[in-house]
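In the working numbering, the protein residues as written are 355 to 849. C-beta atoms are modelled at their ideal positions from N, C-alpha and C, and glycine is treated no differently. Quick caveat, the model's predicted, so the values are computed rather than measured. Shown next, in structure tokens, is the structure this report addresses.
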């Protein structure tokens, strides 16, 4: 059909193009006019001899089928009344009656059906969004709208059919060439949610057995400060672990608590260089230190595989997990930190010519002739759970004197582990001092020494005790110390 002006094309060919369900189960049906897809604004004819410019006017519709007692009833029927009796729909009225456009003064071209066939429903919103041509009026009702040939979205009230609001997507085609005016210039309408937020966390615990694995019965650590740091090293947010030892950082909108921090806008998708870290100088960790890292054998921090070990890597100032964010909604709650009790422990063993000789009458007490060399070996072992800095270690001998003072090795002492700056748990250091054995029966040679009766393993009067050299080695660190004796004697006269 061509209108009286000869260039306006109107020939409704309805297609049911969209179906949505309202919150009560009712159907909302969108109908598009096929004519709106075969024409546009100022289109040429297929006849090369026709110089006219033709304009297609669409005529879609928006209908409701109410769900009544488990069945569907079309609007205008019993159980699904229309809202306005305008003689434009089933039964003489329309439920969604604002699918129309009146350009203004009497005599203008009124469009009773402007729907373009696409609908969308946000559950719970109480309204239906639908695409329309002439979607927005730019002047009050009754005035001539100078820009009627626009396209956009109208939001219809799902209860009374009222027009809640409308938005323009493309303007009047006479202002922007290439848009579709009153034809079908808009396609399907879909609701797009914001990208799902991301969240990271979540657990700090006391690793009682020091194996680096979260075991049943191991307690959470409460009140630990945890920082979220960006790639530039700036602290983005700070959380404090709760009674369950948990902490969270989230980009979601929400109300933060001490342990769960929301609205972290800088926690963005698909970005590298983030850190979750724990400052090690906080009071709650004063007697603790980080446990073994990645004891479970997985260091990827994968949120499906790296589940129950400690992920923090310590540099002495922080225990930190370096991570990258993933796609929308890709949370990672496996950034866990274990701590062990910081128990200092130190042990020393002194050997004389390779023998323990702890007791003056022990069978391994060596006989060393006067003038022969005697070698004392001192083996220091860290038997605690925390590394000890070299500068905190002092090793002495009550006869020989100082071997190491505050980490400094003294003259005439050989230190086998010279490059070491820390003594780690289970590691050992070895010191050696070489001297000459004195005549233990000559007071002139034993001044300042400790001489005891010994070298009598059977503890019997015969062959009897002999003068025995005795001294004690001691190692000291903050919080612990240990001592160990060793002995030797001269051979019996005439032997």
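Item: Could you give the distance in angstroms between the alpha-carbon of residue 723 and the alpha-carbon of residue 807?; Value: 17 Å
Item: Assuming the contact rule is C-beta atoms closer than 8 Å, residue 691 and residue 664 should be a hit. Round their C-beta distance to whole Å, please.; Value: 6 Å
Item: From residue 428 to residue 661, what does the alpha carbon distance come to, in whole angstroms?; Value: 55 Å
Item: Could you work out which residue in 374, 719, 713, 567 is closest to residue 693 when comparing CA atoms only?; Value: 567
Item: Relative to the alpha-carbon of residue 634, which residue among 650, 596, 673 has its alpha-carbon at the smallest distance?; Value: 673
Item: Of all the options 438, 508, 498, which has the alpha carbon lying nearest to the alpha carbon of residue 446?; Value: 438
Item: Would you report the Cα separation of residue 570 and residue 561, rounded to the nearest angstrom?; Value: 10 Å
Item: Exposed or buried, residue 506, counting other C-beta atoms within 10 Å across all chains shown (16 or more means buried)?; Value: buried
Item: Assess contact between the region 779-786 and the region 796-807, defined as three or more Cβ pairs (one per stretch) separated by less than 8 Å. Is contact present?; Value: no
Item: On the DSSP letters alone, give me the boundaries of the beta strand (DSSP E) that residue 384 sits inside.; Value: 381-387
Item: Find the nearest neighbour of residue 738 within the set 629, 669, 831, judged by alpha-carbon distance.; Value: 831
Item: Note down the Cα distance separating residue 488 from residue 467, rounded to an integer number of angstroms.; Value: 10 Å
Item: So the candidates are 577, 469, 580, 496; which of them puts its Cα closest to the Cα of residue 535?; Value: 469
Item: Would you decide whether residue 486 is buried or exposed? Buried here means 16 or more other CB atoms lie within 10 Å of its CB.; Value: buried
Item: Considering only the beta carbon of each residue, do residue 838 and residue 702 sit closer than 8 Å?; Value: yes
Item: When the distance is taken between beta carbons, is residue 464 closer than 8 Å to residue 456?; Value: yes
Item: Check this for me: beta carbons of residue 370 and residue 385, under 8 Å apart or not?; Value: yes
Item: Just the C-alpha distance for residue 544 and residue 512, rounded to the nearest angstrom, thanks.; Value: 18 Å
Item: Keeping to the same chain, check which residues put their C-beta closer than 6 Å to that of residue 550; ignore five residues upstream and five downstream.; Value: 682, 683
Item: Assign residue 444 to one of three DSSP states: helix, strand, or coil.; Value: helix
Item: Do you know whose CA, among 609, 749, 753, 768, lies nearest residue 760's CA?; Value: 749
Item: Which of the three DSSP states is assigned to residue 398 in this structure?; Value: coil
Item: With DSSP run on the structure shown, which of helix, strand or coil describes residue 361?; Value: coil
Item: Against chain B, with Cβ distances strictly below 8 Å, would residue 418 count as a contact?; Value: Included in the structure is just one protein chain, with no chain B present.
Item: Specify the secondary structure class of residue 390 as computed by DSSP and reduced to three states.; Value: helix
Item: Rounded to whole angstroms, what's the CA-CA distance from residue 627 to residue 585? Just pull it up for me.; Value: 4 Å
Item: Which residues share a DSSP beta bridge with residue 733?; Value: 703, 784
Item: Residues in the same chain with beta-carbon distance under 6 Å from residue 366, minus the five sequence neighbours each way, listed in chain order, please.; Value: 387, 413
Item: Taking the C-alpha atoms as reference points, what is the distance between residue 638 and residue 833?; Value: 19 Å
Item: If you draw a straight line from the alpha carbon of residue 524 to that of residue 508, how long is it in whole angstroms?; Value: 13 Å
Item: Distance, Cα to Cα, residue 583 vs residue 592?; Value: 9 Å
Item: With a threshold of 7 Å, establish whether the CB of residue 744 neighbours any heavy atom of the ligand HEM.; Value: In the structure shown, the ligand HEM is absent, as is every other ligand, since no ligand is present at all.
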